[in-house]
Every structure is written in structure tokens, then in C-alpha cells.
Amino acid sequence: MAFILKGSPECVKSELELFHLPATQTAIEDGHWVEFHPDVFDGGPVEFHISGSGKEYVDLSQTQLYVKAKIVKADGKAWEKDEKIGPVNLFMHSLFSQMDISLNDRLVWNSSNTYSYRSYFESLLNHGFDCKTSQLTSEMFYKDHNDGLKLRSKFFELSATVDMIGGLHGDLFHQERLLLNLVDVKIKLIRSKPEFCLQGNAGYKVVLKK
Numbered sequence: 001m002a003f004i005l006k007g008s009p010e011c012v013k014s015e016l017e018l019f020h021l022p023a024t025q026t027a028i029e030d031g032h033w034v035e036f037h038p039d040v041f042d043g044g045p046v047e048f049h050i051s052g053s054g055k056e057y058v059d060l061s062q063t064q065l066y067v068k069a070k071i072v073k074a075d076g077k078a079w080e081k082d083e084k085i086g087p088v089n090l091f092m093h094s095l096f097s098q099m100d101i102s103l104n105d106r107l108v109w110n111s112s113n114t115y116s117y118r119s120y121f122e123s124l125l126n127h128g129f130d131c132k133t134s135q136l137t138s139e140m141f142y143k144d145h146n147d148g149l150k151l152r153s154k155f156f157e158l159s160a161t162v163d164m165i166g167g168l169h170g171d172l173f174h175q176e177r178l179l180l181n182l183v184d185v186k187i188k189l190i191r192s193k194p195e196f197c198l199q200g201n202a203g204y205k206v207v208l209k210k
């Protein structure tokens, strides 16, 4: 029998493995989560620097972005309860217009000012009702109608600080291969303008907490 690839081993289809003993995974001994704190400047980009370890691989598919943000007036003062202002849908990702990813100081992925749109479409199309009404609410995803805007705005009333968490939307974060050791990763998130991520009257801005 001819093989597609030279040296390719024979295998059996899963439908025929009636008495097959499943293999035991021994390649990965353990794993752990590591927190990385970015450089945050008022209105400037958010940059993460992840130094490559000598022994450990990195699973980018498990990356979670944790954001603490509040909405204030342009002069930095808190807004009043009756003021008409609120965040747009999927606010955590709408805060950023572009994401750049570099490996060992070489740019390998650029969202070209479409990061917010990609994040919204992937969240809208790739998740069901149960996920949208539970897990995705941690990213400020509420169906985009009047009730959704009211729900999102209520979290930020009186310039309250809101915690949000969710996965990043990029090609490197949607694949299961581990990143090799000794590879430095830089993630740069470029902020969106307040006019894009806020809905309502003008004269407000978003402040990210360190």
C-alpha cells in the first residue's frame, strides 16, 4: 500500500478501535498560570512583555486579559447618575482598536485597526445563547438594544471601577500549539478613541487602572 508521506506509520480508524487501550499523556508534567502586568499610560497603548523561559513552553490559547476600567469626564471628575453615557457592546475589547504581537522582537501579527470588529464578530457568531448570557458578560457583552445599554451603563455609574476578563482575539491565541521556550512575546494593545467605545454625550473618557 502506498503512503502519502514517506515513513508515515500505519494507523487504525477510531471506528475500528473497539479494544484499543487509550494512550497516557506523559509529555507535559505540570502547568501553571503566570500574571504579567503591563505598562499603562493615560490614553496610550497597553504593552505586555513576556520573557521566554529556559525550560517552559507557553500555551497562548489559555491567555486571559484582565482589565479594570472606569468612565470619567474629560477633566477626570466622576460623572453623575443622570448623565447619558455608557459603554458600547463587548466593551472590554472595544477599548482597543489594534493588537500587535511580536516574537523575539519580530512583528508576526497585526490586526490593522480591526481588532474591535474581529472580537465582536467572533463573540457573536462563535458562541451560543448560554455563553452569551453568562461567560461573555464578564467582557461586557450584552445584546445590543436599549436594555443592553442600560445594563452595561449601570456597572459604570458614578465612575465606578469595573473588572472585566476574557480571552484575546488573534490568530496566535486560536491555535493549540505551544510556544517554544526562549521566545520572548510582546503584545501591544492600541487604545480606541472615546468616541468609538462610548455611547452617549461627548466629553467623557475611559481610564484604565493599573
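Counting along the sequence shown from 1, when you hit position 182 you're at 182 in the working numbering, and nothing is skipped either side.
Each residue gets a CB set at the ideal place from its N, CA and C atoms; glycine is no exception.
Given the structure is predicted, the values throughout are model-derived calculations rather than measurements.
MET99 is positioned such that its CB atom lies closer than 8 Å to that of TYR115. The three-state reading of DSSP puts PHE156 in coil, since its state is none of H, G, I, E or B.
For LYS132, the enclosing alpha helix (DSSP H) starts and ends at 129-132. Burial state of GLY170 is buried, judged by a 10 Å Cβ sphere holding 16 or more other Cβ atoms. Residue burial is scored here from C-beta neighbours: TRP79 has at least 16 other C-beta atoms within 10 angstroms and is therefore classed as buried.
Annotation for GLU47: no alpha helix (DSSP H) segment contains it, though the beta strand (DSSP E) segment containing it runs 46-50. Annotation: the continuous beta strand (DSSP E) that includes PHE96 extends over 96-103. Close CB contacts of VAL183 within its chain, under the 8 Å cut and outside five residues either way in sequence, are with GLY52, VAL58, LEU103, ASN104 (chain order). With respect to LEU189, VAL46 sits close: the two C-beta atoms are nearer than 8 Å.
Collapsing the DSSP output to three states places TYR204 in a strand. Three or more beta-carbon pairs drawn from the stretch 85-93 and the stretch 120-138 are found closer than 8 Å, and the two stretches are therefore classed as touching. Between ILE187 and PHE48 a beta carbon distance of about 4 Å is seen, short of the 8 Å cut, so the two are scored as contacting. In this structure, DSSP gives MET164 an extended state, which the three-state scheme calls strand.
Ranked by how close their Cα comes to the Cα of GLU35, the residues GLN64, ILE101, LEU18, LEU16 have GLN64 in first place. Secondary structure note for TYR120: its alpha helix (DSSP H) is the uninterrupted segment 115-125.
Considering only ARG152, TRP109, PRO38, the residue with the shortest C-alpha distance to LYS84 is ARG152.
For TRP109, the pairing in a beta bridge is given by DSSP as ILE101. When rounded, the separation of the alpha-carbon atoms in GLY148 and GLY76 is 26 Å. Residue environment analysis places ALA74 among the exposed positions, since fewer than 16 neighbouring C-beta atoms fall within 10 angstroms of its C-beta.
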